[in-house]
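Worksheet: the structure to be examined is printed underneath.
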Amino acid sequence: MNPVPRLLSQLFESSIFIQIGDRDFQVPRDIFSAPGDSPNFFTLGFGGFFASPQEVFPGLDRTNLLRPPAIIPPCVPHRSGDLFAELLHTLRGYPVHIRDEGHRLQLLKDCKYYHLRGLEQKLIAHDISFNPFSGREEILIRLEDVRQSGLKFVWDDPDAGVDGRKGGRVVYSRPFVDEKSYDLIVQIGGETTAIDINTMTAVFFVLTKARVASLLNVVSNRMNLNPSPPTRTPPDLSTPSGGTTEKQSISSNTPLGGETVKIQIDDETDLVVDGNPVSWASLQAGASQTETSEPPAKRKRTEGDGKRDWIVRDGQWKLRVQRNAAGGGYEIAFVATKLDVCTEQRVRNRGRAWLG
């Protein structure tokens with residue numbers, strides 16, 4: 001009996017030894033079998049260790065080899081072995097304990113380096129919950145973490161004709177991870193959103209402007225509203241490589257909105273103005289009373305004065321598509337669920353911490 005085939009089979013079913021940083025790891029060959037985790041840094045860079053017996057040396061013609069090329073155990077000296085141990089622990093099916101946002105960013109950075117896209121989606125900050133008021137599940141995720149492949153659009157009345165459809169909602173599923181879609185709530189921070197209370201519109205700045213324009217392009221594509229071929233956009237809704245905030249290759253004008261987008265704020269919005277929790281109804285009532293009781297020259301400016309723009313420190317928005325009353329087409333509406341805003345520079349300065 002020839003033992004060679006059995007030995008070869010055992011060899012190619014055994015674990016792989018990899019050195020990351022100053023630590024050695026024994027990695028099962030099927031550890032990267034989850035959706036989105038292959039091909040990756042290891043299967044591409046060290047193909048000989050993850051190949052089948054028929055492809056021991058990928059890219060080389062075995063019949064013309066005088067001797068096998070030297071195989072050096074995989075070694076990645078410039079990455080953290082401790083972080084890789086946590087990633088490996090998660091790949092084995094165990095939950096990972098994320099200590100803080102700095103720790104999360106380190107894990108995500110190494111996921112990108114090793115090209116573990118499925119694991120990356122599991123580790124990004126998000127929250128999935130059931131909303132008993134709407135009867136649907138929702139996913140909260142930062143705008144910069146949204147991937148266009150996970151965006152979908154759901155009509156409120158899919159059985160109605162094209163002309164009879166009133167609108168719908170944007171839903172999202174994390175690529176490689178979620179088997180179904182959830183109502184999307186995007187979180188936008190960094191003081192990159194300004195609200196005009198008079199017109200109930202919002203404008204966005206720097207990278208957020210490009211990401212919102214890219215998101216609207218993707219949603220309009222899902223709705224088949226784009227008359228021209230879809231704009232090529234990055235998968236993470238960010239500015240393309242080499243782009244700037246002044247000269248963006250992604251146009252701000254889309255079938256669903258232009259430089260500004262419609263917003264909705266109501267009594268269901270959790271609203272904080274200049275550090276004080278308030279209700280939308282009280283702000284509206286206060287503004288109305290002030291306008292009728294005092295002439296403009298003597299009117300005292302209040303912190304909730306709707307005559308000024310609001311700068312959004314942090315905001316959480318549901319995305320709805322509705323009929324545009326002016327043009328008869330569709331427009332996007334950012335429905336505020338949670339807002340922390342400031343109305344003047346002094347309040348913003350108050351929130352800036354001293355350097356240590």
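Taking the UniProt record's numbering as reference, the numbering of the sequence shown is continuous, increasing by one, and the terminal residue is 356. From the three backbone atoms N, C-alpha and C, an ideal C-beta is built for every residue, glycine too.
Taken atom to atom, the span from the alpha-carbon of I188 to that of G315 is near 5 Å. By the Cβ test, the segment 116-128 is not in contact with the segment 210-218, since fewer than three Cβ pairs between them sit closer than 8 Å. In summary, K112 is exposed, with fewer than 16 beta-carbon neighbours lying within 10 Å of its beta-carbon over all protein chains present. Between the segment 196-210 and the segment 168-175 there are fewer than three inter-stretch CB-CB distances shorter than 8 Å, so the stretches are not counted as touching. For K262, the enclosing beta strand (DSSP E) covers residues 261-264. Under DSSP, T201 forms a beta bridge with D196, K262.
For F42, the number of other beta carbons within 10 angstroms of its own is at least 16, and it is reported as buried.
As the crow flies, the alpha-carbon of F205 is around 6 Å from that of T193. Taking all protein chains shown into account, F17 has fewer than 16 neighbouring C-beta atoms within 10 Å of its C-beta and is therefore exposed.
Taking the C-beta atoms as reference points, F334 is found no nearer than 8 Å to M223. If you ignore the 5 residues before and after D266, its C-beta comes within less than 7 Å of the C-beta of W280, all in its own chain and listed in chain order. DSSP links N253 through a beta bridge to no other residue. Per DSSP, the continuous alpha helix (DSSP H) segment holding D82 begins and ends at 81-91. In this structure, the straight-line span from the alpha carbon of R313 to that of I332 is close to 21 Å. Membership of A336 in the beta strand (DSSP E) is indicated by the continuous run 330-342. A distance of 8 Å or more separates the beta carbons of L271 and V186. Of the other Cβ atoms in all chains shown, 16 or more fall within 10 Å of the Cβ of W317; this residue is therefore buried. Going by DSSP, G315 is part of the beta strand (DSSP E) stretching over 310-323.
At the C-beta level, G81 and I20 come within 8 Å of one another. In the three-state reduction of the DSSP assignment, R350 falls in the helix class. DSSP places E144 in the helix class (H, G or I) of the three-state scheme. Residue pairing of L271 in beta bridges, as defined by DSSP: V278, L339. For I195, the number of other beta carbons within 10 angstroms of its own is at least 16, and it is reported as buried.
Closest by C-alpha distance to Q322, out of R99, S220, P74, is S220. A distance below 8 Å separates the beta carbons of L151 and V218. Here the alpha carbon of A353 sits roughly 48 Å from the alpha carbon of G328. Short of 6 Å from the beta carbon of I141, and not among the five residues preceding or following it, lie these beta carbons of its own chain, in chain order: H126. If you draw a straight line from the Cα of Q345 to the Cα of L143, it comes to about 25 Å. For R169, the uninterrupted beta strand (DSSP E) segment begins and ends at 167-172.
Annotation for N40: no beta strand (DSSP E) segment contains it, and DSSP assigns it neither H nor E. According to DSSP, H126 shares a beta bridge with I141. Boundaries of the alpha helix (DSSP H) harbouring K109: 101-114, taken from the DSSP string. Annotation for C342: D274, I311, R348 place their beta carbon closer than 6 Å to its own, counting only its chain and skipping 5 residues before and after. In the DSSP annotation of this structure, the continuous segment of the beta strand (DSSP E) that includes V186 starts and ends at 182-188.
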